[in-house]
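**Student:** Going letter by letter, the sequence shown gives residues -34 to -1, 1 to 235 in mature numbering (1 follows the signal peptide of the UniProt record, and there is no 0). Just so you know, even glycine gets a beta-carbon here, dropped at the ideal spot from N, CA and C.
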Amino acid sequence: MTTRDRAVHHPCRTLPCLTLLLGGALLCSSSAFAQQSSGAASTEQPRTTASIYLWITNVTWGFNNGSEVEVDSETVLENFDYAFEANLEHRRNEWLYGLDVVYADIGGNDTPDIPVPGSGSSVSSDVDFNSFSTIATGYVGYRLVNSPNLQLYGTGGLRYSDFEATLKFDVDDAGISHRNELDESQTDVVVGLRGEYNVDQNWSFPFNVDVGGGGSDLTWQAYGAVAYRFGQHTVSAGYRYMTWELDSDTDMLDEATYYGPLLAYSFHF
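This is the structure in structure tokens:
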């Protein structure tokens, strides 16, 4: 875990343009690709996919005072107290319904030596940190492309994000104690694209991207993976990036970014 100063960032103001452009692309794609024979009845069976996954994420939090805290993936793995990461998705004819949930409780302790300026010596300290992250995205999608190799959906939904953290710093030899707490939450409207490119009946490349805002100035994510399916089971490995530029009225947290590799197991029924 590292902390460093950074230049104060001005929140992005281009969200309306991004949202309108992506929304317009979805509408145009829907008109171009979603038409089918008017008298043809769908014979597709409804199907549901339940997935659990491990997101080996790096975490970067930026604060309103210009400072930044980074927690690398190794620190996250060493200090997981509890984590729940899952996705549930149901497809019926042209429609897609999904819910993605991430909850992580990360705690840790360190005892770094703090140098005393001008003395050539140091004093021992004790640092305790605990963070809770809750990210839930509910979405609905409509199929834009349906071919043997490519399934593509335009999606829209809501993302709820909550970031909580406690950082306690004690320097016993100097009698110094400091404690900081933060709790920031927001709900955003997001639109995007979600799909899968099939190489053959076993191998595929799932992906999704979305962008939005509302509670925050801007949030977006991108995900891509390689997947292998056998029977009712699929295993996949990929990379996920999620970021938020929070409203300037937030008490402490200005930006939050989560990124890293992801491993998943899915069951289809």
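DSSP beta-bridge partners for GLN152?
**Tutor:** SER127.
**Student:** Quick check: the Cα distance between TYR205 and GLY197, rounded to an integer number of angstroms?
**Tutor:** Looking at the two C-alpha atoms, the distance is approximately 24 angstroms.
**Student:** With distances taken from CA atoms, which of THR185, VAL157, LYS134 and ASP149 is nearest SER143?
**Tutor:** Per the Cα distances, LYS134.
**Student:** Buried or exposed for ARG125, going by 16 or more other Cβ atoms inside 10 Å?
**Tutor:** Looking at its Cβ environment, which holds 16 or more other Cβ atoms inside 10 Å, ARG125 is buried.
**Student:** Indicate whether the contact test is met: 3 or more Cβ pairs, each with one atom in the stretch 49 to 58 and one in the stretch 7 to 22, closer than 8 angstroms.
**Tutor:** A contact exists between the stretch 49 to 58 and the stretch 7 to 22.
**Student:** Under the DSSP definition of a beta bridge, which residues are partnered with SER202?
**Tutor:** ALA193 and ALA230.
**Student:** Tell me, please, which residues DSSP counts as bridged to VAL67.
**Tutor:** ALA52 and ALA102.
**Student:** Going by the DSSP bridge assignment, what does PHE171 pair with across the sheet?
**Tutor:** Beta-bridge pairing links PHE171 to TYR163.
**Student:** Measuring only the C-alpha atoms, how far is PRO172 from VAL157?
**Tutor:** Cα to Cα, the separation comes out at about 17 angstroms.
**Student:** Going by other Cβ atoms of all chains shown within 10 Å of its Cβ, with 16 needed for buried, is ASN174 buried or exposed?
**Tutor:** ASN174 comes out buried.
**Student:** For GLY107, which residues does DSSP report across the bridge?
**Tutor:** Note: GLY107 sits in a beta bridge opposite LEU62 and THR121.
**Student:** Any beta-carbon of chain B closer than 8 angstroms to the one on ASP154?
**Tutor:** Absence of chain B from the displayed structure is noted, only one protein chain being present.
**Student:** Let me know the secondary structure DSSP gives GLU10 once reduced to three states.
**Tutor:** Here GLU10 sits in coil by DSSP.
**Student:** Roughly how many angstroms separate the alpha carbons of ALA193 and GLU36, rounded to a whole number?
**Tutor:** About 30 angstroms.
**Student:** Of all the options GLY64, GLN152 and TYR224, which has the alpha carbon lying nearest to the alpha carbon of SER182?
**Tutor:** With distances taken between Cα atoms, SER182 lies closest to GLN152.
**Student:** For THR14 and TYR69, I'd like the C-alpha separation in whole angstroms.
**Tutor:** Approximately 22 angstroms, taken between the alpha carbons.
**Student:** Please report the Cβ distance between VAL106 and TYR63, rounded to the nearest whole angstrom; I am assuming they are in contact, meaning their Cβ atoms lie under 8 angstroms.
**Tutor:** Yes, they are in contact, since the Cβ atoms of VAL106 and TYR63 sit about 6 angstroms apart, within 8 angstroms.
**Student:** Have a look at ARG195 and ASP149 and give me their C-alpha separation to the nearest angstrom.
**Tutor:** When rounded, the distance between both Cα atoms is 40 angstroms.
**Student:** Taking only the alpha-carbon atoms, compute the straight-line gap between VAL155 and GLY180 and give it to the nearest angstrom.
**Tutor:** VAL155 and GLY180: Cα-Cα distance of roughly 6 angstroms.
**Student:** Assign TYR224 to one of two classes, buried (16 or more other C-beta atoms within 10 Å of its C-beta) or exposed (fewer than that).
**Tutor:** With 16 or more other Cβ atoms within 10 Å, it is buried.
**Student:** Considering THR26, what are the terminal residues of the beta strand (DSSP E) in which it resides?
**Tutor:** Here the beta strand (DSSP E) through THR26 covers 24 to 29.
**Student:** Go ahead and label GLU147 buried or exposed: buried means 16 or more other beta carbons lie within 10 angstroms of its beta carbon, across all protein chains shown.
**Tutor:** That one is exposed.
**Student:** CA-CA distance, THR185 and LEU118?
**Tutor:** Whole-angstrom Cα-Cα distance: 22 angstroms.
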